[in-house]
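**Student:** Below is one structure. I have some questions about it.
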Amino acid sequence: MNDFYQMDVFFFVTSIAVVLIAVILAIALIYLIRILRDIKHISKKAKAGADILGDELEGLRANVKEQGFRLRHFFRFLRNVYKKIRVLPRRF
Numbered sequence: 000m001n002d003f004y005q006m007d008v009f010f011f012v013t014s015i016a017v018v019l020i021a022v023i024l025a026i027a028l029i030y031l032i033r034i035l036r037d038i039k040h041i042s043k044k045a046k047a048g049a050d051i052l053g054d055e056l057e058g059l060r061a062n063v064k065e066q067g068f069r070l071r072h073f074f075r076f077l078r079n080v081y082k083k084i085r086v087l088p089r090r091f
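This is the structure:
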C-alpha cells in the first residue's frame, strides 16, 4: 500500500511540474512573438527609409553627372530626404 501512495505523490508532483513548465513556455512564447513583431516593424521602417534615401541618392547622382557637383544639389537632397521622412507614418 505504501508503494501506491508513493506513485500517487510522484504522478501528482510530476503533473504539477509539467503544467508549470507549459505555462512558463507559453509566457516565453508570447514574449518572443512580441519581440519578433517589434523587429518586423523596425525592419519595415528601416527598409522604407533606405528606399527613400536610395531614390534621393539617385537624383543627386543624376544632378552631379549633368551639372557637376554644386552645393545646392546636396542641400536640395537633404531637404527632400527630410520632407519624405516626415511624411512616413509613425506607430507608437
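Taken in order, the sequence shown gives residues 0 to 91; the numbers are from our numbering.
Where a beta carbon is used, it is the ideal one built from N, C-alpha and C, also for glycine.
So G53 is in the alpha helix (DSSP H); what residue range does that whole segment cover?
**Tutor:** Unbroken alpha helix (DSSP H) run through G53: 1-66.
**Student:** Whether or not the stretch 41-57 and the stretch 66-85 are in contact is what I'm after, with contact meaning three or more pairs of Cβ atoms, one per stretch, closer than 8 Å; do they touch?
**Tutor:** Yes: the two stretches touch, three or more of their Cβ pairs being nearer than 8 Å.
**Student:** Between I23 and the rest of its own chain, which residues show a CB-CB distance below 7 Å, the 5 nearest in sequence each way excluded?
**Tutor:** Counting only Cβ-Cβ distances below 7 Å, and skipping sequence neighbours, we find nothing.
**Student:** Whole angstroms is fine: what's the gap from S14's alpha carbon to R33's?
**Tutor:** Using only the alpha carbons, I get a separation of about 29 Å.
**Student:** Identify, in the order they occur along the chain, each residue of the same chain with its Cβ nearer than 8 Å to the Cβ of I84, setting aside the five sequence neighbours on each side.
**Tutor:** Answer for I84: G48, I51, listed in chain order.
**Student:** In whole angstroms, what separates the C-alpha of R71 from that of K46?
**Tutor:** Each residue's Cα considered, the two are about 27 Å apart.
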